[in-house]
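Going down the list, the protein sequences come from chains U and A.
Numbered according to this note's numbering, the first sequence spans residues -11 to 258.
Numbered according to this note's numbering, the second sequence spans residues 625 to 1028.
Built from N, CA and C at the ideal position, the CB exists for glycine as well.
Remember, predicted model here, so these are calculated numbers, not experimental data.
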Amino acid sequence: MKKRPLSVFKKIYLALIFSFMYVPIAVMIVFSFNESKSRTVFTGFTLNWYKNLFQNDMILQSLALSLVIAVLSSVAATILGTAAAVGIFSMKRRPRSAILNLSYIPVINPEIITGVSLMLLFVVFKNATTMKVFGFPTLLIAHITFNVPYIIFSIMPKLRQMDVRMYEAALDLGCNPKQAFFKVILPEIMPGIVSGFLIAITYSIDDFIISYFTSGTEQTLPIAIYSMTRKKVSPEINALSTIMFIVILTVLMIVNAKDSYDEKKNRVRK
Amino acid sequence: MKKTLSILLAALLAAVLLAVPVCAYTEVETTDYDYTRFKDANITLNVYNWGEYISDGSDDTLDINKAFEELTGITVKYSTFDTNESLYAKLKSGGADYDIIIPSDYMIGKMINEGMLEKLDYTNIPNYSMIGEAYKGLDYDATSEYSVPYTWGVVGIVYNTTMVDETVDSWDMLWNSKYAGEILMFNNSRDAFAIASKKLNMSLNPTSTEDIAMAAKELKTQRDVVQAYVMDEIFDKMGGGEAALAPYYAGDAITMISDNPDLAFAIPKEGTNYFVDAMCIPKGSVNKEAAEMYINFMCETEVALANTEYIGYSTPQTEAQKLLPEELKNSPIMYPSEDVLAKTETFNVLPDELNAAMDKAWSDIKTYEKNGNSYLFIVVLLAIIAAVIFMTWRKAVKKKRDQY
């Protein structure tokens, strides 16, 4: 079959879709270099916002907090979620579907309900123990809570694809259950774990509503940006978003480049 | 190719990170006050302030929190809120323990009424004496026991001199059909109702539901000429010449005028709202004395000066007022004359039933014309149910078919 060049219509359609997705980001990047604070008129080129960004302790601290929370909560949620997924998978059919549906609820539940209910729980705990719990610990617990289901649901399909007999074979060949888990099951479901982990990090950095209710006196990046909206949102935020976008793009490119490099190598070997 | 590109990008990023000089200054001349007594006590103060409402060291300004940390050895954990109401919600729910908060006048009054604030020990805040007498003992804290003023200002009309050729001296201008579609309005009920009340020569603190109904009627007639109900979008809309007239806070008007010299600011003759944001200590603060030290520090002349220059709002600290550049000190926008101030009013705490009436009237105004909004919910709900039924039915049909 010969590859036909894309028809004009297809090209326009493709351009439309991509501009729909990327024009906002392009605008944001352009205005991070804008000399004045205006969000509508481009008055001149400057790198000042980048310079200011690295002097703005409030933004940098909230960024650091967001990143720390994202990594810690994703690691914890990945461990919990992997164990849960394996456990759920080996259940009998009925309890399994019941538990799976139960874990779906936090995902489809509006975030605000999760946020408020977590906050109420923490308030009860705080009043009962008179401990100053609000802050980092509550934020971390909240993020782990909403991350676990995403991990479970990205691992479940991998478990289903896996041949159960491989595990049995490993036992037959002398592994104890622990070894069999780490040497056979874990490598099999690794892609699911990794993608779950990445999803969890993204959701955690992204989250505003749940963090808003559970953060106490801490401030994550989305909260810091939101509270700037009474006055003008400073273009420092554009600068920060631009840097984050470029970092993510870079990571993606490195991963892709590595993949295609590996593929080439494999092909040569064959 | 991809790889070289990504390496280039990474290098660029690293270069940006490295090429950052740190140049904000943090040293402050202080009055005779023992700022070092908590040096080794390892105290952390949680400060909750409006967004972008403190001099933070950008553009070679004073980094106040850092200066305080270096001077006292106390760690400042600074976070920000966007409205008085979200501050209230956060404190009321018990979801946070702050040591210093900076709400506006009416919210302070409400919090005092509900017993949410700690009485201040003014012997720990000697700089309170430098706060002008005119800003003390206002209605929201009549006995001056709970708060220390931080900034103040008035509400007026920002207008574009190239688009408006009449003299702007009355709230009527915001109802003028000549400028239909070029008028912006506050997107919060309290400020919007205050303007309508002042236009009717009433107090901006309604005493009955009739007052509210009259103001609401006025706001409804205004809807036809209003381009949009906005808050901070005003900066862009006025700066870019998209609108001719807009009511806003004096301190922000100064910022807008310096960005776009075509703009001007007028305080209407009917009188206006006079607002104060003040520092308070909420109940539950464990480091009350350190918090009072922070408040005292904020009233230091150099600190207050840095703040008022950074934020653009007027300062109640009289020594700092004297040190301002001439054009600001004598600016009728930032420091209006006695005659103008005589006609201003502060917001008082409204009883719950009036607050509820105002909220309801406000949502009526904003949804007015858009009838059938309440049906939308039911329609959507029915559509979802129908979709679910349809899908289950299809599934059942398919299953039956597959059995054969």
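| request: Just grab the DSSP bridge partners of M216/U for me. | output: Here the question's residue 216/U lines up with position 228 in the first sequence. DSSP output for M216/U lists no bridge partner at all.
| field | Rounded C-alpha distance that separates P871/A from S771/A | value | Here residue 871/A refers to the residue found at position 247 when the second sequence is read from its first residue. Here residue 771/A refers to the residue found at position 147 when the second sequence is read from its first residue. Going from the Cα of P871/A to the Cα of S771/A covers about 28 Å.
| With DSSP run on the structure shown, which of helix, strand or coil describes M787/A? | As a first step, residue 787/A is located in the second sequence; it is residue number 163 there, counting from the start. Reduced to three states, the DSSP call for M787/A is coil.
| said: Please confirm whether S26/U has its beta-carbon closer than 7 Å to some beta-carbon of chain A. | reply: To locate residue 26/U, count along the first sequence from 1; it is residue 38. Yes - at least one Cβ of chain A is within 7 Å of the one on S26/U.
| message | Measuring straight from C-alpha to C-alpha, what distance separates Y959/A and S938/A? | response | Counted from its first residue, the second sequence places residue 959/A at position 335. Counted from its first residue, the second sequence places residue 938/A at position 314. Spanning the two alpha carbons is a distance of roughly 7 Å.
| query | Of all the CB atoms in chain U, is at least one closer than 7 Å to the CB of V640/A? | reply | Position 16 of the second sequence, counted from the start, is the residue given in the question as residue 640/A. With a pLDDT of 49 at V640/A, under the threshold of 50, the modelled position of that residue is not reliable, and the figure given next carries that caveat. Yes, because at least one Cβ of chain U sits closer than 7 Å to the Cβ of V640/A.
| Residue of I181/U, N254/U, T118/U, G204/U minimising C-alpha distance to T66/U | The residue labelled residue 66/U in the question sits at position 78 within the first sequence. Answer by Cα proximity: I181/U.
| query | Since I57/U is in the alpha helix (DSSP H), which residue starts that stretch and which ends it? | reply | For the purposes of this step, residue 57/U is identified with residue 69 of the first sequence, where counting begins at 1. Element bounds for I57/U: 45 to 77.
| request: May I ask you to list the residues that DSSP assigns as paired with N737/A? | output: Walking along the second sequence from the start, residue 737/A turns up at place 113. Note: N737/A sits in no beta bridge, so no partner.
| message | My parser needs the alpha helix (DSSP H) runs of 4 or more residues fully inside the region 940 to 964 of chain A; what are they? | response | 942 to 947, 950 to 953
| message | Using the three-state DSSP reduction, which class does P98/U fall into: helix, strand or coil? | response | As a first step, residue 98/U must be located in the first sequence, where it is residue number 110. It is coil, neither helix nor strand.
| field | Proximity winner among E757/A, E790/A, N931/A, relative to N689/A (alpha-carbon distances) | value | As a working note, residue 689/A is residue 65 in the second sequence. Considering only alpha carbons, the answer is N931/A.
| field | Supposed contact pair F33/U and L106/U - C-beta distance, whole angstroms, cut 8 Å | value | As a first step, residue 106/U must be located in the first sequence, where it is residue number 118. As a first step, residue 33/U must be located in the first sequence, where it is residue number 45. That pair is no contact at about 45 Å.
| said: I need the DSSP call for S703/A, collapsed to helix, strand or coil. | reply: If you number the second sequence from 1, residue 703/A lands on position 79. S703/A: strand per DSSP, three-state reduction.
| Neighbourhood of E943/A by C-beta distance below 6 Å, restricted to the same chain and skipping five residues each side | As a working mapping, residue 943/A is identified with position 319 in the second sequence. Only M754, T925 meet the Cβ criterion.
| said: Distance check for D658/A and S203/U, CA to CA, integer angstroms please. | reply: Numbered from 1 along the first sequence, position 215 holds the residue referred to as residue 203/U. Numbered from 1 along the second sequence, position 34 holds the residue referred to as residue 658/A. Rounded to the nearest angstrom, the two C-alpha atoms are 33 Å apart.
| Using the rule of at least 16 other Cβ atoms within 10 Å of the residue's Cβ for burial, across every protein chain shown, is R847/A buried or exposed? | On the second sequence, position 223 is the one that residue 847/A refers to. Exposed, because fewer than 16 other Cβ atoms sit within 10 Å of the Cβ of R847/A.
| Would you say the region 834 to 841 of chain A touches the region 794 to 802 of chain A, given that touching needs at least three Cβ pairs under 8 Å? | no
| request: Express the C-alpha separation of L127/U and V95/U in angstroms, rounding to a whole number. | output: The sequence position of residue 95/U within the first sequence is 107, counting from 1. The sequence position of residue 127/U within the first sequence is 139, counting from 1. Those two C-alpha atoms are separated by around 18 Å.
| Of all Cβ atoms in chain A, is any one closer than 7 Å to the Cβ of S85/U? | By one-based count along the first sequence, residue 85/U stands at place 97. S85/U does not count as touching chain A.
| Within the 7 Å Cβ cut-off, does N961/A reach chain U? | Taking the first residue of the second sequence as 1, we reach residue 961/A at position 337. Here residue 961/A is Ser; the residue named in the question, Asn, does not match the sequence. Output row for S961/A: interface = no.
| Using a beta-carbon distance below 7 Å, is G204/U in contact with chain A? | Translated into positions along the first sequence, residue 204/U becomes position 216. Closer than 7 Å: yes.
| Going by Cα to Cα distance, which pick from L715/A, T707/A, M826/A, V1004/A is closest to M216/U? | One-based indexing of the first sequence puts residue 216/U at position 228. Closest by alpha carbon: T707/A.
| Where does S604/A sit, in a helix, a strand or coil, going by DSSP? | With chain A represented from 625 up to 1028, any question about residue 604/A goes unanswered, as that position is not in the structure.
| What's the call for I173/U, buried or exposed, on a 16-neighbour Cβ count within 10 Å? | Taking the first residue of the first sequence as position 1, residue 173/U is located at position 185. Burial call: buried.
| request: Flag this pair as yes or no: are the beta carbons of V850/A and M809/A separated by less than 7 Å? | output: Translated into the one-based positions of the second sequence, residue 850/A becomes position 226. Translated into the one-based positions of the second sequence, residue 809/A becomes position 185. In this structure, M809/A lies closer than 7 Å to V850/A by Cβ.
| Cβ-Cβ separation, E742/A to K912/A (assumed contact under 8 Å), whole Å | Translated into positions along the second sequence, residue 912/A becomes position 288. Translated into positions along the second sequence, residue 742/A becomes position 118. K912/A to E742/A, Cβ: 6 Å. Contact.
| Residue burial classification, N164/U (beta-carbon count within 10 angstroms, cutoff 16) | The sequence position of residue 164/U within the first sequence is 176, counting from 1. Flag for N164/U reads exposed.
| message | Does the CB of N40/U have a neighbour CB from chain A at under 7 Å? | response | What you label residue 40/U is simply residue 52 of the first sequence in a count that begins at 1. At least one chain A Cβ lies under 7 Å of N40/U.
| request: Using a Cβ-Cβ cut-off of less than 9 Å, give me the residues of the region 118 to 137 of chain U that come near chain A, in sequence order. | output: K120, F122, G123, T126
| So, are the CB atoms of A888/A and T791/A less than 7 Å apart? | Mapped onto the second sequence, residue 888/A falls at position 264. Mapped onto the second sequence, residue 791/A falls at position 167. Cβ atoms of A888/A and T791/A: not closer than 7 Å.
| task | Ignoring anything shorter than 3 residues or poking outside the region 125 to 163 of chain U, list the beta strand (DSSP E) runs there in chain order. | result | none
| message | I'd like to know whether the C-beta of N954/A is nearer than 7 Å to at least one C-beta of chain U. | response | If you number the second sequence from 1, residue 954/A lands on position 330. No, N954/A does not count as interfacial toward chain U.
| request: For my contact list, Y803/A and A868/A are in at a C-beta cut-off of 8 Å; report their separation, rounded to the angstrom. | output: The residue you call residue 803/A lines up with position 179 of the second sequence. The residue you call residue 868/A lines up with position 244 of the second sequence. About 5 Å; that satisfies the 8 Å criterion.
| request: May I have the straight-line CA-CA distance separating L948/A from G865/A, to the nearest angstrom? | output: Residue 948/A sits at position 324 when you count from the first residue of the second sequence. Residue 865/A sits at position 241 when you count from the first residue of the second sequence. Rounded to the nearest angstrom, the two C-alpha atoms are 30 Å apart.
| task | Could you confirm whether any beta carbon from chain U is found closer than 7 Å to the beta carbon of G864/A? | result | On the second sequence, position 240 is the one that residue 864/A refers to. It does; some Cβ of chain U falls within 7 Å.
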